[in-house]
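Heads up, the thing below is written out as structure tokens.
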Amino acid sequence: MDRREFLKLSGLSASLILTDNLLAMEILEKEEKREIKSKSGGKKMKVVKLQPKDHLKPKGLVGISDEQIEVHFEAHYKGYVAKYNEIQEKLASDFADRSKANQNYSEYRALKVEESFNYMGVVLHELYFENLVAGGKGEPSPELKKMIEEYFGSVNNCINEIKATGIACRGWATLSYDLYNKILVVNGFDAHNQYGFVYSVPLIVLDVYEHAYYVDQKNKRPPYIDAFFKNLNWEVVNERFNKAVKF
Ligand SMILES: [Fe+2]
Numbered sequence: 000m001d002r003r004e005f006l007k008l009s010g011l012s013a014s015l016i017l018t019d020n021l022l023a024m025e026i027l028e029k030e031e032k033r034e035i036k037s038k039s040g041g042k043k044m045k046v047v048k049l050q051p052k053d054h055l056k057p058k059g060l061v062g063i064s065d066e067q068i069e070v071h072f073e074a075h076y077k078g079y080v081a082k083y084n085e086i087q088e089k090l091a092s093d094f095a096d097r098s099k100a101n102q103n104y105s106e107y108r109a110l111k112v113e114e115s116f117n118y119m120g121v122v123l124h125e126l127y128f129e130n131l132v133a134g135g136k137g138e139p140s141p142e143l144k145k146m147i148e149e150y151f152g153s154v155n156n157c158i159n160e161i162k163a164t165g166i167a168c169r170g171w172a173t174l175s176y177d178l179y180n181k182i183l184v185v186n187g188f189d190a191h192n193q194y195g196f197v198y199s200v201p202l203i204v205l206d207v208y209e210h211a212y213y214v215d216q217k218n219k220r221p222p223y224i225d226a227f228f229k230n231l232n233w234e235v236v237n238e239r240f241n242k243a244v245k246f
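Letter 107 of the sequence shown, counting from 1, is numbered 106 in numbering that gives the first Met the number 0, and no numbers are missing.
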């Protein structure tokens with residue numbers, strides 16, 4: 000993906016850049032594409048249909064049961080995929096009259112807001128499931144460790160920062176590499192499309208919505224976050240970092 004394609008993509012997603020394993024370009028290339036002539040604008044709009052990535056579903060995690068993952072993956076994650084696809088169909092049709100777009104309320108505004116919510120719900124969940132593996136794997140690469148130590152003092156300090164952010168926020172906590180200033184940042188999200196830095200690449204993605212732990216932990220978030228880090232796949236994190244710094 001070149002820079003021009005990236006900018007086009009980031010404008011679409013509004014908040015996150017994907018790494019190659021889950022690159023939106025990969026999604027765009029693999030998913031169903033078709034064109035529908037919009038009666039409203041008289042122009043053809045491409046409808047991008049996403050498909051759930053079943054191969055990303057983790058199993059046998061430490062402290063996060065398969066039952067918990069099953070409902071999270073099948074109901075919540077796939078729900079975002081379905082709604083994103085539904086919104087794309089409506090955006091390409093005459094469902095929302097562009098001439099009636101209004102910032103207080105309009106059907107078109109509702110589609111644009113929920114397009115962002117559902118698309119980022121898909122992306123973040125795929126990045127989350129992808130960075131989990133039973134019992135964890137690997138460790139920070141020397142390059143990533145050096146940068147983490149530069150910004151947070153130590154890997155443990157960085158993890159504690161992510162944990163605190165995961166407690167403080169309602170949706171997500173990430174360690175991200177910000178392409179704009181080439182810095183490491185810990186981001187917290189109250190929703191899939193709320194508060195993340197726009198020009199950044201998520202390296203570690205932690206879901207803190209209650210739906211991520213309620214089967215196992217009821218309302219107790221801290222033990223779930225501890226379990227998350229016991230299953231973190233640093234090899235995936237390192238790969239994301241390597242690709243981000245080369246951008
Ligand atoms: Fe989730």
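Where a beta carbon is used, it is the ideal one built from N, C-alpha and C, also for glycine. Small disclaimer: the values here were computed from a predicted structure and weren't measured.
Assigned exposure category for residue i - 16 Cβ within 10 Å defines buried
i    : result
K181 : exposed
R239 : buried
E28  : No answer about E28 holds up, because its pLDDT of 42 lies below 50 and its placement is not dependable.
D96  : exposed
V112 : exposed
Q67  : buried
A226 : buried
N218 : exposed
D65  : exposed
N155 : exposed
K52  : buried
A74  : exposed
V132 : buried
P201 : buried
Alpha-carbon spacing of residue i relative to residue j, whole angstroms
i    : j    : result
H54  : E125 : 10 Å
D215 : G152 : 33 Å
L21  : N230 : Unreliable placement is indicated for L21, whose pLDDT of 42 sits below 50; no coordinate value is reported for it.
R220 : G165 : 9 Å
K99  : I224 : 44 Å
V236 : P139 : 8 Å
P141 : A109 : 45 Å
A211 : F246 : 32 Å
Q193 : G134 : 31 Å
F228 : Y107 : 40 Å
E114 : Y150 : 34 Å
A81  : F94  : 17 Å
V207 : S105 : 31 Å
G62  : P222 : 8 Å
K60  : Y76  : Before going on, a small fix: residue 60 reads as Leu here, not Lys. For L60 and Y76, the distance between alpha carbons rounds to 18 Å.
L143 : C168 : 25 Å
L183 : K242 : 14 Å
Q50  : E69  : 17 Å
S199 : S92  : 32 Å
Closer than 7 Å: residue i CB and nearest ligand 1 heavy atom
i    : result
Y208 : yes
A133 : no
H262 : Nothing about residue 262 can be read from this structure; the chain reaches only from 0 to 246.
H71  : yes
A211 : yes
H54  : no
Cβ pair residue i, residue j closer than 8 Å
i    : j    : result
M44  : L90  : yes
V203 : I161 : The sequence given here has Ile at residue 203, not Val. Taking 8 Å as the Cβ cut-off, I203 and I161 qualify as a contacting pair.
K48  : Q87  : yes
V122 : Y176 : no
L174 : V185 : yes
G170 : F196 : no
K58  : F72  : no
A190 : F128 : no
N232 : N159 : no
K136 : E209 : no
A172 : L205 : yes
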